[in-house]
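Working notes, structure below.
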Amino acid sequence: DGGITQSPKYLFRKEGQNVTLSCEQNLNHDAMYWYRQDPGQGLRLIYYSQIVNDFQKGDIAEGYSVSREKKESFPLTVTSAQKNPTAFYLCASSIAGWRRNQPQHFGDGTRLSIL
Amino acid sequence: KQEVTQIPAALSVPEGENLVLNCSFTDSAIYNLQWFRQDPGKGLTSLLLIQSSQREQTSGRLNASLDKSSGRSTLYIAASQPGDSATYLCAVFESNFGNEKLTFGTGTRLTIIP
């Protein structure tokens with residue numbers, strides 16, 4: 253079955269620690285996205301990538317980093333600079349970003365908490 | 091800056107009733123509007139996508155409309171079922187100088203009472 257796999261489902265971070273969230277897709281999609289979801293605030297875009305080896309900051313990129321070395325993978329690192337990392341993180345993908353009328357497909361999310 | 095609003099934040103209706111969820115947005119220069127469903131602790135499932143040139147889209151018991159000039163969309167659910175209970179999110183897709191993004195509303199949490 254084609255889809256998006258996020259791992260782990262739950263993640264705990266200690267103070268001063270960097271953690272990496274995994275996102276893998278086998279849909280052959282060019283574009284991939286990372287969102288953060290907080291209660292009452294909806295989803296906010298952290299980073300997105302329209303093609304391998306290229307990515308752009310979203311609205312709330314501070315304290316996060318990404319890489320896009322392979323088409324199917326778009327890992328997100330939450331660095332120690334992100335002072336309020338507790339949230340539900342969602343990864344999504346879509347057919348080439350410039351084909352603007354294609355829906356985004358989402359993974360099941362990773363819930364990050366602070367120890 | 092685009093703002094997307096969904097009212098009400100929560101809605102409960104008896105099973106079998108038809109219902110309408112509302113979404114409004116402030117900037118009408120959008121490429122499309124999408125409706126998603128989110129179950130607790132899960133990701134989002136795309137329900138319907140309406141292109142900016144379209145007025146409505148239908149899928150089964152769901153019908154979404156778009157009035158771009160007034161910045162409004164509705165999601166109509168016919169003959170509601172307990173399995174329809176979920177949070178429904180709308181999002182608008184924009185492209186500004188190559189910066190493409192979806193802007194989401196905060197959602198309407200729908201409960202269908204058996």
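Protein chains in written order, with the working numbering: chain F, 253 to 367; chain U, 91 to 204.
Glycine included, C-beta positions come from ideal geometry on N, C-alpha and C.
Being a predicted model, the structure only gives us computed values, none of them experimental.
- Counting only runs of 3+ residues, the beta strand (DSSP E) found wholly inside the stretch 318-347 of chain F occupies 328-330 and 339-346, in chain order.
- Residue contact check for U:N122 against chain F: a CB pair falls below 7 Å.
- Shortest Cα-Cα distance from U:E184 to any of F:C343, F:L364 and F:G310 involves F:G310.
- For the pair of segments examined, the stretch 324-344 of chain F was found to touch the stretch 279-289 of chain F: the number of CB pairs separated by less than 8 Å reaches three.
- At least 7 Å separates the beta-carbon of U:S149 from that of U:L156.
- The criterion of a C-beta distance shorter than 7 Å is satisfied by U:L139 and U:Q124.
- Residue state for U:D174 is assigned as helix, using DSSP reduced to three classes.
- By the neighbour-count definition (other C-beta atoms within 10 Å, threshold 16), F:G292 is an exposed residue.
- One finds N353 in chain F with Cβ atoms closer than 8 Å to the Cβ of U:Q141, taken in chain order.
- With 16 or more neighbouring CB atoms inside 10 Å of its own CB, U:L111 falls in the buried class.
- For the stretch 276-298 of chain F, the beta-carbon criterion of a distance under 7 Å to any beta-carbon of chain U is satisfied by G292, Q293, G294, L295 and L297.
- Counting of Cβ neighbours within 10 angstroms places U:Y178 among the buried residues, the total reaching 16 or more.
- Judged by DSSP secondary structure, U:P104 falls within the beta strand (DSSP E) whose first and last residues are A100 to P104.
- Membership of U:K158 in any beta strand (DSSP E) is not indicated, and neither H nor E is assigned to it by DSSP.
- When the beta-carbon positions are compared, F:I347 and F:Q356 stay at least 7 Å from each other.
- Any Cβ of chain F closer than 7 Å to the Cβ of U:K158 would place that residue at the interface, and such an atom is absent.
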